Amino acid sequence: MKTRIRKTASLLAVAGAATLLLGTAGSANAASAPASQAGTKAVSQPAAGWEFFDDYWTYDGCEAEGYRGKERGEWLDFQCRPSAIDWNLWVLRP
1 MKTRIRKTAS
11 LLAVAGAATL
21 LLGTAGSANA
31 ASAPASQAGT
41 KAVSQPAAGW
51 EFFDDYWTYD
61 GCEAEGYRGK
71 ERGEWLDFQC
81 RPSAIDWNLW
91 VLRP
């Protein structure tokens, strides 16, 4: 039971820290964004041609799916990029 409480407390601490970081970064980006971009969500994206495929809780899960898709010929290359709470799989389709 104590392990479950510790895990829950750890998850809440991480979520709180992520919220704090995102809130701080979001307010800085909003202040410096031009009026034409007001209200748009700032997302870190790879260069043109890359598309978001899915998100995964772990880097290993993201990487495994990236290699599976590459072996099946679904995409030429992939990137696992961190987000606030998980890993995003970006793919470059043929």
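Each residue of the sequence shown is one higher than the one before, starting from 1 at the first, in our numbering.
Ideal placement from N, C-alpha and C gives every residue a C-beta, glycine not left out.
Remember, it's a predicted structure, so these values are computed and weren't measured experimentally.
{"Asked": "So what does DSSP say about R81, is it helix, strand or coil?", "Found": "strand"}
{"Asked": "If you drop the 5 nearest sequence neighbours on each side, which residues of the same chain put their C-beta closer than 7 Å to that of F52?", "Found": "N88, W90"}
{"Asked": "When DSSP builds the beta bridges, which residues end up paired with L89?", "Found": "D54, C80"}
{"Asked": "Identify whether A48 lies in helix, strand or coil by the three-state DSSP scheme.", "Found": "coil"}
{"Asked": "Using a Cβ-Cβ cutoff of less than 8 Å, which residues in the same chain neighbour G61 once the five nearest sequence positions on both sides are dropped?", "Found": "W87"}
{"Asked": "Please find out if some non-hydrogen atom of the ligand ATP comes closer than 7 Å to the beta-carbon of G69.", "Found": "Although the ligand ATP was asked about, the structure shown includes no ligands whatsoever."}
{"Asked": "Leaving aside the five residues before and after D54 along the sequence, list all residues of the same chain whose C-beta is less than 6 Å from its C-beta, in chain order.", "Found": "L89"}
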